[in-house]
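Colleague: Mapping the sequence shown onto numbering that gives the first Met the number 0, position 9 (from 1) lands on 8, and the numbers just tick up by one.
Ideal Cβ placement from N, Cα and C applies to all residues, glycine included.
One structure is given below, represented as structure tokens, and several questions about it will come after.
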Amino acid sequence: MRYMLLIHGDESRSNPDPTPEEMAASMQPWFDFGQRYASVIRGGDPLHPVATATSVRVRDGERLVTDGPFAETREQLGGYYLLECDTHEEAVEVAAACPGALYGTVELRPIMDIPEIPA
């Protein structure tokens with residue numbers, strides 16, 4: 000089964016301008032995680048800060064575009080992994096090992112399989 004692992008954290012707690020050494024040290028747990036769970040990780044990326052977000056809505060046929068995230072929250076979506084695991088428990092194990100779980104919240108959601116529409 001496929002799962003989306005969404006990593007939420009408080010951006011205000013991170014250094015906005017780390018030195019190369021600080022960046023390398025902060026990324027090492029993520030590299031280690033990626034190597035350890037390479038057999039189930041199908042993709043993933045970090046996201047730019049929430050200040051770069053654009054929210055798009057369509058109401059009554061009118062497009063509404065605003066700068067910023069959909070909702071003001073204490074934690075922001077910082078990145079994701081796409082997982083393919085045999086069981087829900089395996090996915091939970093991977094989520095618990097994610098470095099983001101140490102300082103924020105890791106949300107694990109099954110991906111809905113939608114059958115192809117016949118032509």
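Taking the alpha carbon of residue 38 as the reference point, which residue from 82, 111 and 12 has its own alpha carbon closest?
Modeller: What you label residue 38 is simply residue 39 of the sequence shown in a count that begins at 1. Comparing Cα-Cα distances from residue 38 to each of 82, 111 and 12, the minimum goes to 82.
Colleague: Just to confirm, is the Cβ distance from residue 97 to residue 40 under 8 Å?
Modeller: For the purposes of this step, residue 97 is taken as the residue at position 98 of the sequence shown. For the purposes of this step, residue 40 is taken as the residue at position 41 of the sequence shown. Their beta carbons are not under 8 Å apart, which means residue 97 does not touch residue 40 by this criterion.
Colleague: What's the gap between the Cα of residue 31 and the Cα of residue 14?
Modeller: By one-based count along the sequence shown, residue 31 stands at place 32. By one-based count along the sequence shown, residue 14 stands at place 15. Looking at the two C-alpha atoms, the distance is approximately 21 Å.
Colleague: So who's on the other strand from residue 7, going by DSSP bridges?
Modeller: Here residue 7 corresponds to residue number 8 of the sequence shown, with the count starting at 1. According to DSSP, which records beta bridges pairwise, residue 7 is partnered with 76 and 104.
Colleague: By Cβ distance below 6 Å, which residues in the same chain neighbour residue 152 in space, the five residues on each side in sequence not counted?
Modeller: Nothing in the structure corresponds to residue 152, since the chain is present only between 0 and 118.
Colleague: On the three-state DSSP scale, how would you describe residue 51?
Modeller: As a first step, residue 51 is located in the sequence shown; it is residue number 52 there, counting from the start. Reduced to three states, the DSSP call for residue 51 is helix.
Colleague: Taking 8 Å as the cut-off, does the stretch 98–107 touch the stretch 73–88 (at least 3 CB pairs, one atom from each stretch)?
Modeller: Touching, yes.
Colleague: Whose C-beta lies closer than 8 Å to the C-beta of residue 44 among residues of the same chain, with five residues either side of it excluded?
Modeller: As a working note, residue 44 is residue 45 in the sequence shown. For residue 44, where only same-chain residues beyond five positions count, the Cβ hits under 8 Å are 78 and 79.
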